[in-house]
Structure formats: C-alpha cells, structure tokens
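Asker: Taken in order, these protein sequences are the chains called A and B.
Under full-length UniProt numbering, the final residue of the first sequence carries the number 816; numbering is consecutive throughout.
Under full-length UniProt numbering, the final residue of the second sequence carries the number 200; numbering is consecutive throughout.
Idealized CB from N, CA, C, for every residue including glycine.
Since this is a predicted model, take the numbers as computed values, not measurements.
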Amino acid sequence: MYSHGSESLIKQAREIQEPELQKFYSRLVKLLQGKELSHETVDSLQRLHLILSATKYTRRLPSELRTRLLSLLSSPVEQLQVLSSAVLREMPPLSAEELNYIQENVGQLNSQTAALLLSKAGTRADLSSVCAQLLRGLDNRPSEAPAHSLMHTLPVLNTILTHSPECLTEDHITLLSKRLVDWLRYASIIQGGGASSGRFFTGPRSRQPVPIAELDGTVSGDFFTVLCVGQGFTEDQWMNVYSFSMLHHWLLTYHSVSNGNSTIETANRSQLSLSHSFSNDDRSEVDGSVVSMVSATSSSSRLLPPKERLREKAFQYCQRLIEQSDRKAQKKTDTELQKACLVEAVCILDCVCVEDASLVFRTFPFIKALFGRLSADLSFSRVLLPIAQFYLNHGEMAAVDCESVWKLVFGQFPAELFSDPFLAHELLRFLRLNLEKFQLGVPQYTHFFPNLLKFLAWDSPAVVDDFVDLLPSLVTPATAVELLHTLLDLPCLSATLILQLRSTCLPISEPGGRGLLSLDAFRNPSFRGLFLFMLRGEAGSGDTIDRLSTLHDLLAEAADWPRVVQCAQTIPVLLHIYFNTVVTVADEKLLAHLILVMLERSSILLNIPTYIKEIHRVFSCHLLRMCKLHPSLVVDQSHELLEFAGIPGNVYSKEELYTHVVWVLGEYLSVSCDSRCSVSLITSCFETLEAVLFEITSSGTPPGTVCPAPRVITTLMSALAKLASRSHDLIPRVSLFLSKLRTVTRGGSVAWCSDEEDLVAIVTRGEELWSLLKAPSVAQSVLTPSPHITTPQWHRDTNVAMPLQLRALTSLTHPQ
Amino acid sequence: MVRCFLIHTVCPISALSAGECRVLYSRVFGPDEAVLSEELQELNPEERRLLQKEKVAVVARQVHSAVTLSREASGRQLVEMVPGEEVLALQDANSGVVRLRAGDPFNEEMSVLWLGVHSLGFAMVCEPHENLLLAEGTLRNLSRHCLEHLHMLGPGSEVLLKSSRIDVLLSRLLPHGQLLFLNHRFAQSLEKEVAAYMAK
Chain A
1 MYSHGSESLI KQAREIQEPE LQKFYSRLVK LLQGKELSHE TVDSLQRLHL
51 ILSATKYTRR LPSELRTRLL SLLSSPVEQL QVLSSAVLRE MPPLSAEELN
101 YIQENVGQLN SQTAALLLSK AGTRADLSSV CAQLLRGLDN RPSEAPAHSL
151 MHTLPVLNTI LTHSPECLTE DHITLLSKRL VDWLRYASII QGGGASSGRF
201 FTGPRSRQPV PIAELDGTVS GDFFTVLCVG QGFTEDQWMN VYSFSMLHHW
251 LLTYHSVSNG NSTIETANRS QLSLSHSFSN DDRSEVDGSV VSMVSATSSS
301 SRLLPPKERL REKAFQYCQR LIEQSDRKAQ KKTDTELQKA CLVEAVCILD
351 CVCVEDASLV FRTFPFIKAL FGRLSADLSF SRVLLPIAQF YLNHGEMAAV
401 DCESVWKLVF GQFPAELFSD PFLAHELLRF LRLNLEKFQL GVPQYTHFFP
451 NLLKFLAWDS PAVVDDFVDL LPSLVTPATA VELLHTLLDL PCLSATLILQ
501 LRSTCLPISE PGGRGLLSLD AFRNPSFRGL FLFMLRGEAG SGDTIDRLST
551 LHDLLAEAAD WPRVVQCAQT IPVLLHIYFN TVVTVADEKL LAHLILVMLE
601 RSSILLNIPT YIKEIHRVFS CHLLRMCKLH PSLVVDQSHE LLEFAGIPGN
651 VYSKEELYTH VVWVLGEYLS VSCDSRCSVS LITSCFETLE AVLFEITSSG
701 TPPGTVCPAP RVITTLMSAL AKLASRSHDL IPRVSLFLSK LRTVTRGGSV
751 AWCSDEEDLV AIVTRGEELW SLLKAPSVAQ SVLTPSPHIT TPQWHRDTNV
801 AMPLQLRALT SLTHPQ
Chain B
1 MVRCFLIHTV CPISALSAGE CRVLYSRVFG PDEAVLSEEL QELNPEERRL
51 LQKEKVAVVA RQVHSAVTLS REASGRQLVE MVPGEEVLAL QDANSGVVRL
101 RAGDPFNEEM SVLWLGVHSL GFAMVCEPHE NLLLAEGTLR NLSRHCLEHL
151 HMLGPGSEVL LKSSRIDVLL SRLLPHGQLL FLNHRFAQSL EKEVAAYMAK
C-alpha cells in the first residue's frame with residue numbers, strides 16, 4: 001500500500017540536487033562499463049528511471065550515459081533491455097545519430113526498441129520507417145530465430161494502424177493480408193515443441209505428432225484457432241493468436257466501405273493482386289490444407305485477391321469460433337474467453353458484412369441460431385449486444401423480424417441487469433452510436449425510457465454523461481409529460497431498486513437487525529402497486545400515480561442513502577436538458593400542461609435536503625423561458641397560476657418558484673400578450689396578489705417567525721403596479737398600500753423584515769412605484785411597454801441605422 | 001488497442017491529503033497523440049511530455065472519483081487486507097467503466113476500465129471499439145499479477161522501485177497495448193516466463 005515511505009521516496013526523487021545527481025550518473029556509467037550484470041546495476045537503473053519519471057520537466061542525461069543506455073537495447077539480458085527502454089522513453093526524442101545507431105546495431109527490431117521508437121516518433125515519417133523496418137523483418141524468415149522474435153510485430157503494427165494508417169503502403173497491406181491468411185487459416189494443427197507425451201522413456205515413438213485439442217478435451221477436427229489447446233505451441237500458432245487479436249481492427253481500418261486510403265481503382269487492384277497470388281509462395285498451396293468443414297463451400301477462394309481472401313478467411317474463422325463456443329470448456333477462464341471470442345466473432349462478421357453485403361445471407365443463419373441459443377441466458381448479455389448491432393445493421397436487408405431483439409435489449413436487460421456497470425456502459429453506448437438508426441427504424445425505443453432510466457437511477461455518476469447525450473432523443477410529444485414525472489421521481493426509483501435488490505438478498509425478518517421501514521413497505525401487498533409503477537419498463541400506463549405522496553413518505557428514510565443522494569444530484573442538470581429540448585418539440589397545449597405539472601409537483605417531491613430547492617430553481621428558470629416564448633400561456637393558465645400565487649404559505653416554502661410565478665403574472669397578464677385577457681381577469685389577479693401581500697406584511701405576525709424574502713415583497717409590489725397600470729381604477733388601491741407601507745416603516749423596524757438594508761430597498765421600490773403611478777399613462781408605457789419598444793431593432797431599422805446615417809452625412813458634407 | 005495502463009492510489013490515505021491521487025505506475029502505449037494532431041504541432045518535446053503526464057493525471061483523477069463514488073454508493077466497508085489475500089482482494093474489488101469524451105483528455109472518445117482494490121486503482125484506457133469483455137478479463141489478470149508479484153497489499157514501496165517488472169508483465173500479456181485472446185494454455189506459457197523474470 002502507499003505509505004509515508006513511498007511518498008518520501010518520490011519526494012527524494014523529485015528534489016535530488018544537481019551535484020548528487022551528477023555523481024549518480026558517473027557511478028552508473030562506471031557500473032555499465034563493467035562486463036557483469038550486477039544487482040547494483042539493475043537497482044541503479046531502476047532508481048534512475050524513478051528519478052526521471054517523477055518530475056514533470058525533462059532532465060538531461062550526459063551523452064556518455066545515453067550512449068551506454070542505447071547499447072543496452074540490444075543486450076541479451078531482458079532486464080537491461082526493459083530498463084534502458086523505459087529510461088530512454090522519459091528522455092527527449094532521439095537524435096538522428098542515435099536513430100542511425102539503433103538501425104545499425106540493434107539488428108532485428110526487438111520489442112523494447114520498437115516501443116522506444118514508437119514512443120519517440122516525432123512525425124508520421126518516423127512511424128513509416130519503423131513500419132518498414134518491421135515488415136522487412138517479417139519478409140526474411142530467419143530459420144534460427146527464437147519463437148518470440150516475430151510476435152511483437154503485429155502488436156506494433158496495430159499501434160501504427162491506430163495512429164497513422166497511411167504508413168502502410170498498398171504493398172505492405174497486400175503482404176500482411178497474405179501473411180494473416182496464412183496464420184489464421186493454415187496454422188499448424190499439431191501440438192508444438194516441448195510437447196511431452198508424459199512418458200518416462202523418450203524414444204522415436206514419443207515424437208509422434210499429437211494433434212491439437214478443443215477446450216472440452218476432444219481432439220480437434222478443424223483448423224487451429226484461439227480456442228484450441230496443446231501442451232506447447234508452434235510459432236505459427238502463436239501468430240494465429242496475435243493475428244486474430246488484431247483482426248477486427250485491421251478490417252475496420254483497411255476494409256471499411258468508405259476507405260479514403262485507396263486511390264487505385266478496384267478493377268486494377270484485383271487484377272494486380274490476382275497475378276500476385278499466383279506467383280508468391282502461398283502457404284495454402286504448399287500445405288496440404290485441412291479440408292475444413294467450415295470452408296467446404298469456398299474452394300475457389302484461392303482465386304480471390306488478398307484483401308477479399310482475408311475477408312473470406314476471417315468469415316470462416318469466426319464461424320468456427322461460434323461453433324467452438326458451444327463446447328463446455330474445462331476451465332473457468334476459458335469459458336470467459338469463449339464469451340469474449342463470441343463478441344469478437346460477431347463484431348468481425350458484422351464488419352465483413354458491411355463491406356460485402358452478399359455475405360449477409362450466409363451469416364444470418366448463424367447469428368439467428370446464436371441469438372436463439374443465448375437469449376434466454378442473461379449471463380450472455382454482453383454477447384447479445386453485438387448481435388443486436390448485427391440485427392440493426394443487416395436485419396432490414398435480410399427482412400428479419402427484430403422485435404424479439406429489441407424486447408430483450410430494451411425490455412429485459414435494463415430491468416434485470418441495471419447494476420452491471422459494464423453492461424450499462426455498452427448498452428448506452430450502443431444506443432448512442434446508433435441513435436439515428438433507431439429514430440428511423442425502431443422509433444418505439446423511446447417508450448422504454450422508464451427502463452433506460454434505471455441505469456441512471458442506479459449509478460448516476462457513471463452514466464450521467466451518456467444521458468446528457470441520449471435524453472434529448474427521448475423527449476417526444478407523446479412521452480414528455482410522463483418523462484418529466486419520471487425524472488422528478490428518479491431518486492424514488494433509485495430507492496426502489498435498492499429495496500428490490502435487498503429484498504431478494506435479505507431474509508424476511510432480520511433477527512435483531514435494524515428493520516428497514518421502507519423494506520417492510522416494499523414487501524407489503526397494499527403498497528405493491530406504488531412500487532410496481534416505479535419499476536415499470538415501458539411508458540404509456542399513466543403519467544404518474546395518485547398516491548405519490550404516500551410513496552414519498554414510505555421512502556422518507558431513503559433520503560440519506562448515498563446512491564439516492566448521488567442520483568438526486570444529477571437531476572437538475574438533466575431537467576435543464578429536458579426543458580431545453582421540450583420547448584423545441586412541444587406545442588402550446590403541451591407547454592401549458594407542463595406548467596401545470598411544475599406547479600403541482602413543486603410540493604410533491606422526495607424530501608432530500610437541497611433537492612427540492614434545486615428543482616424549484618430549475619422550474620423557475622424554465623417557467624420564465626416558456627412564458628417569454630409563449631406569453632399567451634399565462635392567460636391560458638391564469639386560473640392555476642393564480643391558485644398557486646394565492647396561497648400565502650407558498651411564499652415561505654417555495655420562495656423561488658413563487659417569485660417567478662408572480663413576476664410572470666405581472667408581466668404577461670395583459671391584452672397585448674393575449675386578447676382574451678379581460679378586465680375582470682386582471683382585477684381578480686390583482687385582488688389575489690393584494691391579499692397575499694397584505695397578509696405577509698401585516699403587523700400581526702409574532703416576532704421570531706420566518707420573514708418572507710424581500711425579493712418576494714418587491715416582486716409582488718411590482719406585479720400589482722403593472723396590473724394597475726393596465727386597469728387604471730386599481731391605481732388608487734395600490735397607491736394607498738404603498739403610502740401606508742411608507743408610514744409603517746418610518747416607525748422603525750417591522751416584524752416581517754429583519755434586515756435594515758432590505759427594508760430600505762423595499763421602501764425605495766415602493767416609493768418609485770408610487771410616484772410612477774401618479775401619472776397613469778406614463779406608468780402604462782413604463783410598466784406595460786408595447787412590443788416595438790421592448791424589441792428594438794435600431795440596427796435593423798433602415799431609417800435609424802448608424803451606417804446609413806453616416807453615409808448620408810458624408811454625402812452631404814463631401815461635395816461630389 | 002489499449003492506450004494507457006496505470007496504477008494509482010485511491011481513497012483516503014494517511015500519507016496524502018484528501019482527494020489527492022498519486023500515480024504509482026503509468027505506461028502509455030504507442031506514439032504521442034500530440035505529435036500526429038494538427039493543433040498541437042507547435043509544442044516542443046518537453047511540452048509534449050508534460051502534456052502526456054497531465055493526461056495520465058487526469059485519467060487517474062477521474063478514476064479516483066469514480067471509485068470513491070462507487071464505494072460510497074455501495075456502502076461496503078473496506079476490510080484490511082494483508083499479503084497473501086490477493087485473490088480475495090480481487091473478488092471484493094469494485095469495478096466499472098468511465099467514459100471520457102473526445103478531447104477530454106484524449107483526442108478521441110475513450111473508455112476507461114477500472115478496478116479498485118483497497119487503496120489501489122488499476123485503470124486501462126481502451127479505445128471504444130475494443131472488446132471490453134476481453135479488456136475486463138485482461139485487467140483483472142494484470143491486477144492479480146501486479147498484486148502478487150509486487151506485494152502491493154503490504155506496506156512496501158516496491159511498485160515504485162520495481163516498475164521494470166510491470167513493464168515485462170505488460171510486454172507479455174498486453175504487448176504494445178494489444179489485448180490478446182489467450183486460452184489457459186497460452187496464458188500459462190506467458191505467465192511462466194513472467195514468473196521466471198520476477199524470480200530474479
């Protein structure tokens with residue numbers, strides 16, 4: 001574990017002084033001059049690495065030390081190779097002489113040197129030269145080279161592919177395609193060197209070739225794959241493993257349909273490659289190739305150009321893997337490997353079918369059979385996702401019904417596997433990457449949002465980023481209202497999922513344990529319906545439930561469960577995204593409904609500290625936005641808004657939202673916003689607000705009770721003034737109140753405002769409004785400005801635009 | 001391919017202040033992204049090295065907070081582990097995935113698989129098209145080997161002074177960042193080589 005000792009070690013490495021460092025360097029040079037490899041040498045090299053890597057700025061090594069380190073790259077002792085490569089990686093890039101040195105002295109590029117060259121590559125040209133060097137080594141096949149000498153070639157090439165696929169020329173690609181075919185399809189089917197038959201006496205008979213075996217122990221009857229075992233392995237069997245490991249990436253890079261790489265026309269290419277494949281010594285022609293059960297139908301594949309041949313062999317390899325994965329492996333790690341191989345095989349088949357659509361008809365039967373075999377077993381869920389991708393990509397073309405696939409992926413997986421972080425990540429990624437395809441081909445996926453949100457409810461920090469991308473697509477006019485309710489109740493869903501898991505794990509009664517009230521409630525049949533609604537998988541069975549507050553009471557103790565709290569923290573952000581999206585897809589009727597939901601739900605939320613306040617803030621912000629966009633909403637929903645505004649209790653418990661509701665009423669309840677606004681409506685609104693203002697500023701409140709926020713008071717006053725400016729007979733009432741306010745406050749402090757400065761601000765505002773209302777028509781134009789004043793277009797108005805004015809002046813003053 | 005493998009500290013440790021995270025080992029595979037991207041051409045090698053170190057630190061911090069939040073949510077208590085209990089420690093470990101958006105900090109989107117074993121975090125930055133099932137298995141395997149061979153459950157600071165051992169482990173099981181499909185026989189063969197190296 002990390003201890004104080006380790007921390008001080010790092011500090012020492014960082015703070016080592018220059019003289020001491022130089023001494024260390026010279027001692028190291030001396031050690032490296034010696035012929036023997038001593039423990040001290042290795043230890044010093046290790047310390048050097050720590051010193052270099054511990055700091056953020058690069059240290060400089062003396063050139064002699066650098067030269068010594070370079071020479072160690074070709075040392076027969078692996079430890080020295082590893083250490084020198086690690087040290088040099090921490091250094092500035094290699095100079096031209098150093099690169100030359102490596103070229104000449106290191107000979108066949110070993111793994112550590114390749115790593116160094118890759119990490120210090122400064123340009124694409126550097127990568128190309130590493131690539132060329134490696135492929136040269138591949139072409140010459142030294143007979144005495146140890147088994148591992150070639151094995152790093154493919155991983156290094158894969159690295160180069162990732163960063164700079166153009167480094168491989170067409171010739172390189174052709175060469176590698178051929179070698180990959182050899183290794184993948186024609187690797188030896190005999191167990192490799194070191195195969196001991198277990199007999200005591202070794203004689204000529206024990207050197208009988210032993211065939212490779214399958215994972216369940218039976219003798220293998222087909223070509224070698226990663227799922228074959230033996231006592232030892234030959235070099236080409238190792239290369240089979242390395243080739244398959246990079247096959248998917250290779251196909252993605254060089255075989256994609258929109259391959260910007262190739263500029264040679266397809267016809268020319270196939271002609272060239274045809275001639276190549278006849279002239280080069282292809283292992284498939286030399287080897288009496290095993291008649292594979294899989295490839296019986298493609299005997300003419302030898303005539304295909306290398307790229308197409310590789311595709312065909314990849315296809316066969318994957319088919320064989322799928323067949324092999326059905327066998328019962330003897331070891332658990334091999335069972336896990338079988339799953340990983342299935343995933344890879346399906347992905348490669350998908351890739352290959354995307355490139356050549358004619359393969360779809362050969363592939364679909366396998367995929368369908370695989371789906372049928374695995375769909376009932378949830379432990380194969382991660383294999384079923386690539387299968388779902390295959391269906392999505394090719395299902396239409398093959399005219400296959402995919403309903404059962406979507407039911408599984410969107411219906412079953414989230415409901416039962418929400419707690420698997422890897423499945424969550426992969427499923428959400430699958431959805432994200434294919435969003436357009438889903439929106440076009442499977443639009444009903446949006447109905448599964450209650451299920452999808454279970455991932456978010458369970459592990460918000462891990463998946464909230466994915467939902468930031470996915471949520472906008474889930475907001476449709478059909479689902480908007482239910483989605484809002486579901487988002488607001490996500491902490492409840494979180495608690496419910498926890499209870500669901502606990503009730504299956506824990507016994508019915510915990511002896512002596514703290515019985516959870518919520519767990520009892522969860523198991524209680526009379527509350528079953530509430531929890532079942534929370535756990536529903538699809539939308540459409542109702543926006544929300546009547547007894548929501550009962551549910552909140554039952555889950556009250558869950559308000560401090562960490563998972564629930566984490567979930568609650570992500571809701572405000574998602575609500576912002578929700579509202580930003582909904583204003584673009586909803587019509588006024590839906591927006592009106594949403595306003596009602598906001599007002600209603602403002603008091604029905606799970607009582608988590610700060611959660612309610614945050615939600616109110618989001619509501620306030622978006623209420624404002626919606627009303628700004630559609631001012632007639634206020635007149636439309638005036639009844640409900642007034643009901644909300646008429647409750648004095650709301651001033652204290654929902655201060656933020658209340659303030660905004662009042663402001664919105666004051667601002668938009670006018671004839672210029674909606675012609676349906678009548679005088680009686682304005683009057684009734686006025687009276688409602690007036691009553692509340694009287695009540696909260698009455699001297700009757702006992703001292704020591706909570707004061708209303710000053711902002712609420714000023715907003716109420718402004719709203720009343722605005723309404724009065726539209727209906728002038730209300731002006732006397734407002735003026736009376738405002739002058740009374742002045743008198744009362746002159747007497748010193750008041751019960752409803754504790755702060756001196758706030759009181760001054762309120763009184764000042766009151767005086768401003770009072771003096772404004774003395775001139776009603778002025779009040780009207782200030783407090784209810786007509787639209788062309790509030791949306792000035794000075795810069796767009798041709799009569800007033802500055803450039804035009806200047807031009808006019810210029811032409812007047814400068815005689816032509 | 002795997003872009004980066006790192007080992008760092010997680011959860012409150014007496015030697016560090018709260019929230020601070022120390023990277024104990026990091027290995028970035030392949031060329032520096034900054035070299036091949038157009039926007040970062042003007043950086044000199046020192047700046048590029050610094051940038052790479054900063055990227056690794058960002059990953060460590062992200063994993064650190066993911067581990068902390070995950071442990072908080074699951075509410076499980078951390079049990080003291082002693083050397084010898086590596087397999088048990090791994091079974092108890094939290095695991096998960098973090099999504100890193102393109103540009104933050106790598107040029108393309110990445111998936112970081114992580115494993116939290118007591119006060120150590122093992123993280124593997126994978127390209128998204130990678131086989132995450134295979135990556136998960138490889139990460140567990142690598143972590144087990146690191147814990148066993150470097151006695152990481154003990155109080156020593158061997159991981160800092162024996163980074164070459166991890167380099168060799170990676171060169172066999174994750175050569176140049178390549179995930180390998182190894183059945184138990186291939187794995188045994190490679191692990192024998194690793195064990196032979198570690199014994200020196």
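Tyrosine 25 of chain B lies in the beta strand (DSSP E); which residues open and close that run?
Answerer: In the second sequence, counting from the first residue as 1, residue 25 of chain B sits at position 25. Residues 23–28.
Asker: In angstroms with no decimal places, state the Cα-to-Cα distance between serine 95 of chain B and phenylalanine 244 of chain A.
Answerer: The residue given as residue 95 of chain B occupies position 95 in the second sequence. The residue given as residue 244 of chain A occupies position 244 in the first sequence. Each residue's alpha carbon lies about 27 angstroms from the other.
Asker: Suppose the cutoff is 7 angstroms on Cβ atoms and the five residues either side in sequence are ignored; what does the same chain contact list for methionine 198 of chain B look like?
Answerer: Position 198 of the second sequence, counting from 1, holds the residue named residue 198 of chain B. The residues are His149 and Arg165.
Asker: Is it right to say histidine 728 of chain A is buried, meaning 16 or more other beta carbons lie within 10 angstroms of its own, or is it exposed?
Answerer: Counting from 1 along the first sequence, the entry for residue 728 of chain A is found at position 728. That one is exposed.
Asker: Cβ of leucine 359 of chain A within 9 angstroms of Cβ of valine 352 of chain A?
Answerer: Residue 359 of chain A sits at position 359 when you count from the first residue of the first sequence. Residue 352 of chain A sits at position 352 when you count from the first residue of the first sequence. For leucine 359 of chain A and valine 352 of chain A, yes; Cβs fall inside 9 angstroms.
Asker: Does any CB atom of chain A fall closer than 9 angstroms to the CB of lysine 55 of chain B?
Answerer: Reading the second sequence from its first residue, position 55 is the one you call residue 55 of chain B. Not one chain A Cβ lies under 9 angstroms of lysine 55 of chain B.
Asker: Alpha carbons only, please: which of A/Arg547, A/Phe361 and A/Leu384 is nearest the one belonging to leucine 370 of chain A?
Answerer: For the purposes of this step, residue 370 of chain A is taken as the residue at position 370 of the first sequence. Nearest C-alpha to leucine 370 of chain A: A/Leu384.
Asker: DSSP has glycine 96 of chain B in a bridge; who is on the other side?
Answerer: If you number the second sequence from 1, residue 96 of chain B lands on position 96. In DSSP, glycine 96 of chain B forms a bridge with B/Trp114.
Asker: Between residue 201 of chain B and leucine 113 of chain B, how many whole angstroms is the CB-CB distance? I'm expecting something under 8 angstroms.
Answerer: Only positions 1 to 200 of chain B appear in the structure, and residue 201 of chain B is not among them; the question remains open.
Asker: Determine, using beta carbons only, whether leucine 113 of chain B comes closer than 9 angstroms to chain A.
Answerer: Position 113 of the second sequence, counting from 1, holds the residue named residue 113 of chain B. By this cut-off, leucine 113 of chain B is an interface position.
Asker: Figure out for me which residue from B/Phe29, B/Val10 and B/Pro31 has the closest Cα to the Cα of arginine 22 of chain B.
Answerer: For the purposes of this step, residue 22 of chain B is taken as residue 22 along the second sequence, with counting starting at 1. Comparing Cα-Cα distances from arginine 22 of chain B to each of B/Phe29, B/Val10 and B/Pro31, the minimum goes to B/Val10.
Asker: Can you tell me the Cα-Cα spacing of methionine 151 of chain A and leucine 252 of chain A, whole angstroms?
Answerer: Numbered from 1 along the first sequence, position 151 holds the residue referred to as residue 151 of chain A. Numbered from 1 along the first sequence, position 252 holds the residue referred to as residue 252 of chain A. So the two alpha carbons sit approximately 22 angstroms from each other.
Asker: Keeping to the same chain, check which residues put their C-beta closer than 6 angstroms to that of phenylalanine 364 of chain A; ignore five residues upstream and five downstream.
Answerer: Taking the first sequence and counting its residues from 1, the one referred to as residue 364 of chain A is at position 364. Cβ neighbours of phenylalanine 364 of chain A beyond the five flanking positions: Ala398.
Asker: Chain B partners of aspartate 334 of chain A, CB-CB under 8 angstroms?
Answerer: Numbered from its first residue, the first sequence carries residue 334 of chain A at position 334. Within 8 angstroms Cβ-Cβ: Asn183 and His184.
Asker: Could you have a look at isoleucine 51 of chain A and say whether DSSP puts it in helix, strand or coil?
Answerer: Within the first sequence, numbered from 1, the residue matching residue 51 of chain A stands at position 51. Here isoleucine 51 of chain A sits in helix by DSSP.
Asker: Given 8 angstroms as the limit, is there contact between the segment 42–56 of chain B and the segment 532–549 of chain A, that is, 3 or more CB pairs closer than that?
Answerer: Output reads no: the segment 532–549 of chain A does not touch the segment 42–56 of chain B.
Asker: Give the interface partners of proline 45 of chain B over in chain A, defined as CB-CB distance under 7 angstroms, in chain order.
Answerer: Position 45 of the second sequence, counted from the start, is the residue given in the question as residue 45 of chain B. In chain order: Pro92 and Pro93.
Asker: Look at the alpha carbon of leucine 736 of chain A and the alpha carbon of asparagine 607 of chain A, and state the distance between them as a whole number of angstroms.
Answerer: Working through the first sequence from its first residue, we reach residue 736 of chain A at position 736. Working through the first sequence from its first residue, we reach residue 607 of chain A at position 607. Going by the C-alpha atoms only, they are around 41 angstroms apart.
Asker: To the nearest angstrom, how far is the alpha carbon of serine 111 of chain A from that of proline 572 of chain A?
Answerer: Counting from one through the first sequence, the residue named residue 111 of chain A turns up at place 111. Counting from one through the first sequence, the residue named residue 572 of chain A turns up at place 572. Approximately 51 angstroms, taken between the alpha carbons.
Asker: If you draw a straight line from the alpha carbon of isoleucine 212 of chain A to that of tryptophan 238 of chain A, how long is it in whole angstroms?
Answerer: Translated into the one-based positions of the first sequence, residue 212 of chain A becomes position 212. Translated into the one-based positions of the first sequence, residue 238 of chain A becomes position 238. Roughly 13 angstroms between the two C-alpha positions.
Asker: Would you call asparagine 105 of chain A buried or exposed, if buried means 16 or more other Cβ atoms sit within 10 Å of its Cβ?
Answerer: Position 105 of the first sequence holds residue 105 of chain A. With fewer than 16 other Cβ atoms within 10 Å, it is exposed.
Asker: Check whether the Cβ of glutamate 7 of chain A lies closer than 9 angstroms to any Cβ atom in chain B.
Answerer: Reading the first sequence from its first residue, position 7 is the one you call residue 7 of chain A. Chain B contact via Cβ: present.
Asker: Check leucine 150 of chain A in the structure and name its three-state DSSP category.
Answerer: Position 150 of the first sequence holds residue 150 of chain A. It is coil, neither helix nor strand.
Asker: Name the chain A residues whose beta carbon is nearer than 9 angstroms to that of arginine 22 of chain B?
Answerer: Your numbering for residue 22 of chain B matches position 22 in the second sequence. The answer, in chain order, is Tyr2, Ser6, Glu7 and Ile10.
Asker: For a contact defined as C-beta to C-beta under 7 angstroms, what are the partners of tyrosine 317 of chain A on chain B?
Answerer: What you label residue 317 of chain A is simply residue 317 of the first sequence in a count that begins at 1. Correct list: empty, because the minimum Cβ distance to chain B is about 11 angstroms.
Asker: Which value, in whole angstroms, describes the spacing of the CA atoms of glutamate 85 of chain B and aspartate 182 of chain A?
Answerer: Indexing the second sequence from 1 puts residue 85 of chain B at position 85. Indexing the first sequence from 1 puts residue 182 of chain A at position 182. Roughly 44 angstroms between the two C-alpha positions.
Asker: Output, in chain order, the set of chain B residues within a Cβ distance shorter than 9 angstroms of leucine 215 of chain A.
Answerer: Locating residue 215 of chain A in the first sequence gives position 215, counting from the first residue. Under the 9 angstroms cutoff, chain B gives Asn183 and His184.
Asker: Give me the subset of the segment 86–105 of chain B whose CB atoms are less than 8 angstroms from a CB atom of chain A, sorted by chain position.
Answerer: Answer set for the segment 86–105 of chain B: Ser95, Gly96, Val97, Val98, Arg99 and Arg101.
Asker: Sort out for me which residues DSSP pairs glutamate 214 of chain A with in a bridge.
Answerer: Counted from its first residue, the first sequence places residue 214 of chain A at position 214. Answer is A/Cys228, bridged to glutamate 214 of chain A.
Asker: Which of the residues in the segment 4–20 of chain B, read from start to end, lie with their CB under 8 angstroms from any CB of chain A?
Answerer: Those would be Thr9, Ile13, Ser14, Ala15 and Leu16, in chain order.
Asker: Closer than 8 angstroms, Cβ to any Cβ of chain A: which residues of the segment 169–183 of chain B, in chain order?
Answerer: Residues passing the 8 angstroms Cβ filter: Ser171, Pro175, His176, Gly177, Gln178, Leu179, Leu180, Phe181, Leu182 and Asn183.
Asker: For methionine 246 of chain A, return the contacting residues in chain B, with the cut-off set at a CB-CB distance below 7 angstroms.
Answerer: Here residue 246 of chain A refers to the residue found at position 246 when the first sequence is read from its first residue. Within chain B, the residues near methionine 246 of chain A are Gln178.
Asker: Bridge partners of methionine 81 of chain B, per DSSP?
Answerer: Taking the first residue of the second sequence as 1, we reach residue 81 of chain B at position 81. None, per the DSSP bridge assignment.
Asker: How would you list, in chain order, the residues of chain B whose beta-carbon sits under 8 angstroms from the beta-carbon of glutamate 15 of chain A?
Answerer: Translated into the one-based positions of the first sequence, residue 15 of chain A becomes position 15. Chain B residues near glutamate 15 of chain A: none, gap ~15 angstroms exceeds 8 angstroms.
Asker: Could you confirm whether any beta carbon from chain B is found closer than 9 angstroms to the beta carbon of glutamate 344 of chain A?
Answerer: In the first sequence, counting from the first residue as 1, residue 344 of chain A sits at position 344. It does: the Cβ of glutamate 344 of chain A has a partner Cβ on chain B nearer than 9 angstroms.
Asker: What does the alpha-carbon distance come out to for the pair proline 461 of chain A and proline 414 of chain A?
Answerer: One-based indexing of the first sequence puts residue 461 of chain A at position 461. One-based indexing of the first sequence puts residue 414 of chain A at position 414. The straight-line gap from Cα to Cα measures roughly 17 angstroms.
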